[in-house]
Amino acid sequence: MSTILRTLRNLKRIGFKEYGHQMQYIGDTKAGTLIGVDRYGNKFYENIEEELPLRTRWVDYKDHEYDPSHIEPGWHAWISYMVDAPPTADKIMQTGLRRWELPEHRPNLTQSRAAFKTYSTTRPKYSAWTPVAAPR
5 MSTILRTLRN LKRIGFKEYG HQMQYIGDTK AGTLIGVDRY GNKFYENIEE
55 ELPLRTRWVD YKDHEYDPSH IEPGWHAWIS YMVDAPPTAD KIMQTGLRRW
105 ELPEHRPNLT QSRAAFKTYS TTRPKYSAWT PVAAPR
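Under the numbering used here, the first residue of the sequence shown is numbered 5, with each subsequent residue one higher.
Dropping the structure here:
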């Protein structure tokens, strides 16, 4: 949450359209430098001067139904402060189609109906107990 003075200062810097976008999707106003865009269209920003420590980097997702698995590994390392240089500046972390990389994004399906569920053909060793009350 930001102060009124900081919110007004950011409103002056980013404009009304971006202010409305950030309030709807981030819940706070942030003004920073665009560091880069990944191949999915997500925009990565940084502001070292005015933000709190460990809140200086953030991502603006392209899709409004965002999922943190939409971030590429190099950008994930940068946004979580594992590396100092973004993938655009680091030769090792630059995005390129590697042999093991999939060309399209596969979302993380955990906690959804499409999540992987094991199927067992063996009978369980124990069964759930259902209490039966005797009539009075």
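Cβ atoms here follow ideal geometry from the backbone N, Cα and C, with glycine treated the same way.
- DSSP links E50 through a beta bridge to T37, R61.
- Put simply, of S116, I83, P128 the residue whose alpha carbon is nearest the alpha carbon of I52 is I83.
- Leaving aside the five residues that flank T37 on each side, the residues in its chain whose CB is nearer than 6 Å to its CB run, in chain order, E50.
- If you check the CB distance, I75 and V87 do not come in under 8 Å.
- At least 8 Å separates the beta-carbon of D71 from that of N14.
- Spatial neighbours of T11 in its own chain (CB-CB distance under 6 Å, excluding positions within 5 residues in sequence) are listed in chain order as T33.
- Closest by C-alpha distance to L106, out of P90, I18, R43, is R43.
- When rounded, the separation of the alpha-carbon atoms in K129 and Y123 is 15 Å.
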